[in-house]
Amino acid sequence: MQTFVRQPVLYPVSVVFVDDNPDFLQALRGAFPDEHLNRFFTQPRVALDFVSSRDVEMPPTAADYFGAEKKGGNAIGEDALTDPARFEAVGAVVVDFSMPEVDGIQLLSSIRNANCMKILLTGVADEREAVDAFNAGLIDCFLKKTDVEMPRKLATVLDNAKRKHCAARGHISLHEAGSTYRDPRIVKLIDEVAAREGIVEYYWRPNQDAVLMFDAEGAPSVFLAWNEEDWSFHCDIVSDANGPAELRQGMEARSIMPLFWPSQAYRPGLADVKCAAPLPVPGWNGTFYSWTRLDDTATERELPTLAKWRHA
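The opening residue of the sequence shown carries number 3 in my numbering; numbering runs sequentially from there.
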């Protein structure tokens, strides 16, 4: 039976804020100052036209799954990393409830993009209607404008919206390829490394079965995670290819974790193999991970990273 696994991908997406009160919008600008990703509107209709113009592609269909099965590939779906417009897609819309032209629930209800989180900001008198709209599935979340914790809560909601949006853009791997990276223990480590190292975007790569990362300056790095089967697979390839004995011995002892980038595995004659000290994955015996910086020349120069998009 075919197994489909959605692989890790995360990158910044755009957010639209709508409020007819310029002063409140200005306060939101202060809380969310990234002018490249955050868009602010006082006119609901203009905001709606903007959101509609940023709709992304449809998810893979059943035909895509069957086609990939026949071709023998290990992943389907469009490659988000190669899409320069991915940062412009709207991952969330934040709307004030009380506006003279149209109320916030009506505006959010008219958004057809299922991959866009709909967030309503309410006053005290609007809460009952907001609850009804949430229960009816017209909105995804509502927050009180009078809550002093609203900016912090909104930031958390927007981070979740980004993750939900990006998850729908990740490669769908076949034949259990890359299944290690979808384990919650590995997902947690990926996010910990990203937070610690200033990573702003990452993408599972089907040809390397690894997660390619970029920081805010566009510097690349790679996150690897191998379970016991992965270690055996890579050790056997090094042995079968008559690779260096010290490489095989270090891998068997789990003292080194080689990165064969841009290949997935060792190949004859491969020189200058980068190696990192493998770190054990908590709660998963025999599984290790590593994070390795790459030279800029190790990735395709034309890849549209966030850093390049900001300076375009």
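Virtual Cβ for every residue (Gly too), placed ideally from N, Cα, C.
All values reported here derive from a predicted model rather than from experimental measurement.
When the beta-carbon positions are compared, residue 195 and residue 225 come within less than 7 Å of each other. By the neighbour-count definition (other C-beta atoms within 10 Å, threshold 16), residue 198 is an exposed residue. Assignment of beta-bridge partners to residue 225 by DSSP yields 213, 293. Only exposed fits residue 234, as fewer than 16 other CB atoms lie within 10 angstroms of its CB. Secondary-structure assignment with DSSP links residue 121 through a beta bridge to 96, 143. Contact between the segment 151-161 and the segment 181-195 is absent, with fewer than three C-beta pairs closer than 8 Å. Secondary structure at residue 259: strand, using DSSP grouped into helix, strand and coil. Here residue 147 has 123, 124, 125 as same chain residues with Cβ atoms under 7 Å from its own Cβ, once five neighbours each way along the sequence are excluded. The residue among 200, 207, 118, 151 with its C-alpha nearest the C-alpha of residue 219 is 200.
Of the candidates 262, 130, 117, 262 places its Cα closest to the Cα of residue 209. One Cα belongs to residue 55, the other to residue 82, and the distance between them is close to 18 Å. Residue 12 carries a strand assignment under DSSP once its states are collapsed to helix, strand and coil. Contact between residue 290 and residue 206 is ruled out by a C-beta separation of about 18 Å, above the 8 Å threshold.
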